[in-house]
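> Structure below; questions to follow.
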Amino acid sequence: GETNIDATHGTVVANIINRCIPDATILPLVVADGATSSATVSDIIDAIHYADEAGAQIMNCSWGATTYNYALKDAMATSEMLFVCATDNNTANITYPAAFGLDNVISVGNLSLSNKADVRFASANISATGPNNVDGIYSGNSYATAFITSAMAYLYNAADNAYSAPVIANALRQTVYYSEDETRVFFF
């Protein structure tokens with residue numbers, strides 16, 4: 029039967045990454061129900077295993093949950109991928125999987141919240157291409173996460189894929205600097 033999926037979120041995220049890294053290979057993984065925008069942990073874990081088997085190096089996790097899940101944490105911890113994970117849009121709390129504290133996870137927040145993310149980035153009024161090649165303005169940490177995913181892909185390529193996910197994640201954590209008023213982010 030037909031599946032009614034609102035592809036806007038995933039399409040915009042993928043297009044931001046593609047705009048930043050035009051030669052990136054993107055493996056689209058749909059885990060959310062289009063009608064409710066919710067996903068099961070088992071579907072997410074299956075997607076992680078599928079991406080691992082396909083040789084993916086980075087997984088953009090532009091989603092989050094408030095519930096700690098041991099199975100999801102274990103699937104991520106045993107993966108060789110780097111996970112770039114969005115924090116909550118509206119609070120200073122980090123959501124899961126961003127808050128798992130794993131070496132292969134980069135948590136991404138927005139500049140307007142002083143949460144405990146590894147990196148904060150602009151997440152409002154992002155110009156991007158959505159479904160059917162229609163340009164629009166989007167806001168949310170998902171879109172900031174797409175830019176950081178792109179930066180991580182660039183680091184992997186620059187290093188000829190010679191480093192593990194924890195090494196790449198730590199390199200980012202060591203090189204992020206915010207302006208005094210915390211409105212700009214710099215990478216060294």
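For the sequence shown, this note's numbering assigns the number 29 to the initial residue and increments by one for each residue that follows.
Cβ coordinates follow ideal geometry from the N, Cα and C atoms, glycine included.
Since we're looking at a predicted model, the values are computed, not measured.
Give me the residue from Ile45, Thr68, Ser66, Leu130 with the minimum Cα distance to Thr106.
Looking at the Cα atoms, Leu130 is the closest of the given residues.
> Below 6 Å, is the gap between the Cβ of Tyr78 and the nearest heavy atom of the ligand ZN?
Among the components modelled here there is no ligand, and therefore nothing to report on the ligand ZN.
> Would the beta-carbon of Thr115 fall within 7 Å of that of Asn153?
No.
> Roughly how many angstroms separate the alpha carbons of Asn32 and Ala60, rounded to a whole number?
Any reading at Asn32 must be qualified, since the residue scores a pLDDT of 43, below 50, and its modelled position is unreliable; no value is offered.
> Ile86: which of Phe175, Thr203, Ile165 sits nearest, CA to CA?
Considering only alpha carbons, the answer is Phe175.
> Under 7 Å between the Cβ atoms of Ser178 and Ile73?
Not in contact: Ser178 and Ile73 (Cβ atoms no closer than 7 Å).
> What are the boundary residues of the beta strand (DSSP E) that Gly83 is part of?
That residue, Gly83, is in no beta strand (DSSP E); it is neither H nor E in DSSP.
> So what's Met109 in DSSP terms, helix, strand or just coil?
Coil at Met109, not helix or strand.
> When DSSP builds the beta bridges, which residues end up paired with Asp102?
For Asp102, which the question treats as bridged, DSSP gives no partner whatsoever.
> Who are the Cβ neighbours of Ala75 in its own chain at under 7 Å, not counting the five residues just before and after it?
For Ala75, where only same-chain residues beyond five positions count, the Cβ hits under 7 Å are Leu57, Val59.
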